[in-house]
Each structure stands twice: as structure tokens, then as C-alpha cells.
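>
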Amino acid sequence: MKNKLARTVFLFSLLLGSNWLAFQSNLQWDLTEDQRYSISDATKSLLESMEEDVQVNVYLSGSFPPGFERLEAATHQTLEAFKKYSRGHVQFQFSDPSEANSESQRQQQYQSLIEQGLTPTNLFANEEGKRTEKIIFPGAIVHMDSLAIPVQLLKGNKASTSEEQLNQSYEGVEFELASAIRTLQNPVRKKVGLIVSHTLIPPARLSDLIASVQLQYDVFMDINNPESYEGLDALLILKPDSAFSDSELYKLDQYIVNGGNALFFTDGAKVDSVSLEGTYAQPLLLNLDPLFFKWGVRLNYDLVKDLNSSSILLNTGQMGEKPQLEPLPWRFYPLLNRFGDHVITRNLNAVSTHFLSTIDTVGGDANIRKTPLLMTSDYTQTLTTPALVGYNEARKQPEPREYQGGAKIAGILLEGTFTSLFQNRILPNDPRSKTFTAVGAPGRVIICSDGDMVVNDIDYKRNAPLPLGYDRLTGNTYGNKDFALLALDYLTDSQGLISARNKQVAIRPLDRIKVQEDRRGWQILNILAPLLLLAIFGAIRTVLRARKFT
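Mind the numbering: the sequence shown is residues -22 to -1, 1 to 528 in mature numbering (1 follows the signal peptide of the UniProt record, and there is no 0), read in order.
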């Protein structure tokens, strides 16, 4: 009897100790093929270095279809891992904002979340044969002290089905949450310079991007014309429309050669205004061509017409005394939904462009690696400037045979060691020769051939800027801001946190037709099989006990 009691106490103590050790340690085995329950090394490093507490309030809770339940479970699993690796500095809770004592209280909760930056989603479902609609907030608010950052967990990805969209959102949970925590925890903010002295775009039309950049970076304008860009972690060149001088070109050159990072959003053609009949677009001469060509890139003076395009509102006739306005596809507004295989563009929503030009790669420096990021569809036509641009073109039915130009590059990443454009041109008696660098440290440059990609629209009724990428005609928000911020993150991310976006979770859907056909058989099997196994186990146990005590 004593031996049996001692054995029981020993086994219980062993089990209790094993569970305690498992809870205290970070040791785990992820046996899934796609490592869906693991987080990246960069995220682990971020969490292990945390010294302040962060509270994550997730509003993805309630009764959902299976796809949203899977996203909710992925968020919960990710936050559990965050809590573990941060040694408890990350705390979280899930709540359903639709739970309220009254309708007015529910609406107040909804409005509060919208004001904090979360976007609601209408969820449609069939319950007992009835179609129901429910407002949900698939997002989270990350708090640290008095600071808070909204995190949208359901992303407007380029998925063709809702199942794929939810799966891509599933893949992005770690990066979205980790980025918010990094922004709150990072005591040393990176420095980003904005080249805005060469653009006539009103500040309000660039305000959404600049405000978003300021959340994560210290921003410096070039209005005061600094002697150099030394000390900046990245440069943003936003829709320039006047030429750079040779001295400004030299500053850009030396900044890149010495390991700087730059993101260009620049046009190849100048379109001042558009009329119904047409206005000629002219080449935009910015004096950046020598620099780009040295890097192995040519920005062409042309315009792309793409059958995959957004629409404009056009008067197509009169309905009585009222004009009949219809949205019509305008091929001068290409939608970019083809991306290079890169962490920046993974699961990115389509990018909206206006008056897009093309980019070609040329010889350039062999030490520079070129990766196309943004591309048009295959159904394109290229117009060399001067080119006639008119709204009436949207009325015409396009001829498919005229749109066989193939995919064109609209955004490209350059990485490597850059050689100065001014090599062998700086004489010994030139004052610049003392600080001149011909070949320096590795750097990164991204060139996009549309300046309007970072220009937001304006709500003229409220006299307030609209979100970057928002299309007032369709209500869609394209991936322009996501692309710009992810590109900037990649240029400045020394920790490599953006590598978390490489996470891929395979969709393994069931064969619905086969499931429907074999449904009854599987139901019977699931009911009878456990009962049969229990009966067999009971019979074997009875026989063994009978033999033991006979």
C-alpha cells in the first residue's frame, strides 16, 4: 500500500514539475510543414529586449464563420508567443465591441474604435436559413502608457476569394503586431529626409503619407537646403516636378554611395491638366537620368495605358435635364496588381497609379542587384511623349490587339555597392575632393515611375485629406500607403523585422463535393467508431481482470 502511494505521489510530482518547466521555458517544437506556430528570429529578438509593458486589446471576438475564427485563433496564438518571449511584458485581452446594454452604447463603442483608427467590416452570414449582417472590427489597439497604435488584422489583400484574403491576413498577424510594438518600444527613432522642395503639390495632398511616416520616424524637410544628407537613414523624394541642379545631384550621389537609402516617386511625363478632347503630356526633365542610368535604370518619357485600370466619372449624356454620370475605366490610371517576389510586396493590395511611365533596366554596375517590385498587366500600350491625353478616350471601347505591349516595370529595387556618378570628375583642386567617395558602403534605392502614387485625395466638403490610396468613386482603399511604408521599413530595418512577412501558411481546403456526397457515411463513422473502440477496450479489460482474479 505504501509503495503504491509513493509511486502515485512521485508520478504526480513528476507531472507537475514537467508542466512547470514547460511553462517557464521557451522551448517548443513546431512540427507543421509551414511552421505556422513559429515566429521569426527578428520578432523574438524584439520581444526579448522589451523593458516596458504593452497592452494589446483585440476586438476580433464573438461568433464568426470558420475563416474569421481561424484568424482569431492565429492572433491569440501569436500573442501567447509574444507574451512568452517578452517575459510577460506583452499582455492582451479579446473583446466583442458589439456587446452592449443598449444600441446607443454599442454605437458609441463603434465610433470610439473608428476614431482610434480601426476600420469596421460588414460580416454577412446565414443563420437558420436567414441572411444576417453584423459589424465587426477585425483589429487591435496596442497601448503603451499614453500612446496607442491601431493594428488592422484583416488586410485588403489582392486575394481573389475571401478564404485567400483571410489566409493572407493570417500570415500577416505577426508582422502587424510586432511592428506596432516596435514603434512604441523603439527609443531611438530612425531619421527620414523628405525632398519636397522640388514639388508644387500642396502639403495637404502629401499629408497622409507624411503623418504615417511621422508615427515611426523623425522627419526632416529639405526646405532649408542642407549641405548634405549625412546622418539620415533614408530619403523620400516625393513627386518632383522641377529639375535638380548638379550640386543637388552630387548630394544625392554621395549620400547613396556612402550607404544611404532612397525611395523615389517620380514621373516620366508631365500632365498639367486634362480636357475632354485632350491635352498633350510632355516629357518631364528632372536631371535625374544620369544618376539612374549610372545605377542601371532608365525612367522613360512615356505613358502607359493598361486595360487593368481604375475608373473616372464621366458625363455620358443627358437624362432629361440632368447629366448622366457613369464610372468608366480610364486606361491612363493603371492598377498594379502584379508584384515581384519580395517581402515588400508580399500579400500587397493593388496599387493605384495616375499617368504611369515605364522603367527599363540597362547595363549599369554589376555590383547592384535589381529586383522588380511593381509591374503592370500584360495588356498594355505605351505612348511616347508628347502624347495626347483626353477624358473622351474613356468612352471608346478598347481594341484588345492594341494592348499587347506586355508587362512593364513600374517600381524597382536596387541593392548593392554604388559607384559615384562623379568618379574621375572631381579634380584635386575641387573643395569637394576632401570628402568625395567614389565607392562606399552597401545601400538600397527604390525607384517608382509615378509620383501620384503617394498623393492623397481631398474631401472638399470637410476640407480634410482622404487616406492615401482611397478611391472616392468605388470606396476602395488601394495599397499605396502600405507599399510606401513597407518599402521605407525595408530600407531602414536593421533588425530585419520585415522578414516576418515571409511567413506562408498553405490553404488545404476540403473537397466540398466529395464531403457532401460522403457526408452521411462520415457521420455514421464518427458516431459508431468511438463506441466500437470503447466496447473493444472494455471487453479486453474484462477478460484481463477475469484472468487476474480467477
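Just so you know, even glycine gets a beta-carbon here, dropped at the ideal spot from N, CA and C. Here the structure is a predicted model, which is why all the values come from computation and not from measurement.
(1) Using the DSSP secondary-structure output, state which residues sit across from Phe198 in a beta bridge.
(2) With a CB to CB cut of under 6 Å and the five nearest residues on each side skipped, what residues in its chain are close to Tyr357?
(3) Is Ser427 helix, strand or coil by DSSP?
(4) I'd like to know if the stretch 497 to 515 and the stretch 450 to 457 are in contact, where contact means that at least 3 CB-CB pairs between them fall below 8 Å.
(5) Distance, Cα to Cα, Gly274 vs Pro420?
(6) Could you check where the alpha helix (DSSP H) with Gln85 kicks off and where it finishes?
(7) In its own chain, which residues sit with a C-beta less than 8 Å from the C-beta of Gly(-6), not counting the 5 before and 5 after it?
(8) If distances are taken between C-alpha atoms only, which option among Ser80, Lys526, Leu91 and Leu306 comes closest to Ala374?
(9) What's the call for Gly117, buried or exposed, on a 16-neighbour Cβ count within 10 Å?
(10) So, is Lys300 buried or exposed, given that buried needs 16 or more other C-beta atoms within 10 angstroms?
(11) Just reading off the beta strand (DSSP E) that Phe70 is part of, what are its end residues?
(12) Between which two residues does the beta strand (DSSP E) holding Phe242 run?
(13) Does Phe515 pass the burial test, meaning 16 or more other C-beta atoms within 10 Å, or should it be called exposed?
(14) Give every residue of the same chain whose Cβ lies closer than 6 Å to the Cβ of Arg519, excluding the five residues on either side of it in the sequence, and list them in chain order.
(15) Output needed for Asp449: all residues of its chain with C-beta closer than 7 Å, excluding positions within five of it in sequence on either side, in chain order.
(16) What does the alpha-carbon distance come out to for the pair Phe333 and Glu29?
(17) Tell me, please, which residues DSSP counts as bridged to Tyr448.
(18) For the putative contact between Ala247 and Pro261, defined by C-beta atoms under 8 Å, what is the C-beta separation to the nearest angstrom?
(19) Near Ser220, what residues of its chain come up, given a Cβ to Cβ distance below 6 Å and the 5 sequence neighbours on each side ignored?
(20) Is the number of C-beta pairs between the stretch 405 to 424 and the stretch 386 to 397 that are closer than 8 Å three or more?
(21) Quick one: any contact between the stretch 350 to 370 and the stretch 241 to 257, if contact means 3 or more CB pairs under 8 Å?
(22) Check whether the Cβ atoms of Asp186 and Lys217 sit closer than 8 Å, and answer yes or no.
(23) Cα-Cα, which of Phe60, Asn203, Leu241 and Asn239 is closest to Ser223?
(24) By how many angstroms is the C-alpha of Ser206 removed from the C-alpha of Pro409?
(25) Counting along the chain, where does the beta strand (DSSP E) carrying Glu393 start and finish?
(26) Any chance you could list the beta strand (DSSP E) runs of at least 3 consecutive residues sitting entirely within the stretch 236 to 293, in chain order?
Here's the rundown:
(1) Answer is Gly171.
(2) Exclusion of the five residues before and after Tyr357 leaves Leu285 and Tyr381 as the residues of its chain whose Cβ lies within less than 6 Å of its Cβ.
(3) Correct three-state label for Ser427: coil.
(4) The stretch 497 to 515 vs the stretch 450 to 457: no contact.
(5) Gly274 and Pro420 have their C-alpha atoms roughly 16 Å apart.
(6) Glu81 to Glu93 is the span of the alpha helix (DSSP H), which, as asked, contains Gln85.
(7) So the list is empty, once near-sequence residues are dropped.
(8) Here residue 374 turns out to be Lys, not Ala, going by the sequence shown. Among Ser80, Lys526, Leu91 and Leu306, the Cα nearest to that of Lys374 is on Leu306.
(9) That one is buried.
(10) The residue in question, Lys300, is exposed, as its Cβ has fewer than 16 Cβ neighbours within 10 Å.
(11) DSSP places Phe70 inside the beta strand (DSSP E), whose first and last residues are Val68 to Phe72.
(12) Where Phe242 is concerned, the enclosing beta strand (DSSP E) stretches over Asn239 to Phe243.
(13) Here Phe515 is exposed. Its C-beta has fewer than 16 other C-beta atoms within 10 Å.
(14) No residues qualify anywhere along the chain.
(15) Within its own chain, the residues whose Cβ lies closer than 7 Å to the Cβ of Asp449, once the five positions on either side in sequence are excluded, are Ser288, Ser330 and Tyr456, listed in chain order.
(16) Cα to Cα, Phe333 sits roughly 48 Å from Glu29.
(17) Per DSSP, the beta bridge partners of Tyr448 are Thr455.
(18) Beta-carbon to beta-carbon, Ala247 and Pro261 are separated by about 6 Å, close enough to satisfy the 8 Å threshold.
(19) The beta carbon of Ser220 lies closer than 6 Å to those of His176 in the same chain, with the five residues before and after it left out.
(20) By the Cβ test, the stretch 405 to 424 is in contact with the stretch 386 to 397, since at least three Cβ pairs between them sit closer than 8 Å.
(21) Enough Cβ pairs lie closer than 8 Å, so yes.
(22) No. Outside cutoff.
(23) Nearest option by C-alpha distance: Asn203.
(24) Answer to the nearest angstrom: the Cα atoms are 14 Å apart.
(25) Where Glu393 is concerned, the enclosing beta strand (DSSP E) starts and stops at Ile387 to Thr397.
(26) If we require 3 residues or more, the beta strand (DSSP E) runs fully inside the stretch 236 to 293 come out as 239 to 243, 257 to 261, 275 to 277 and 280 to 284.
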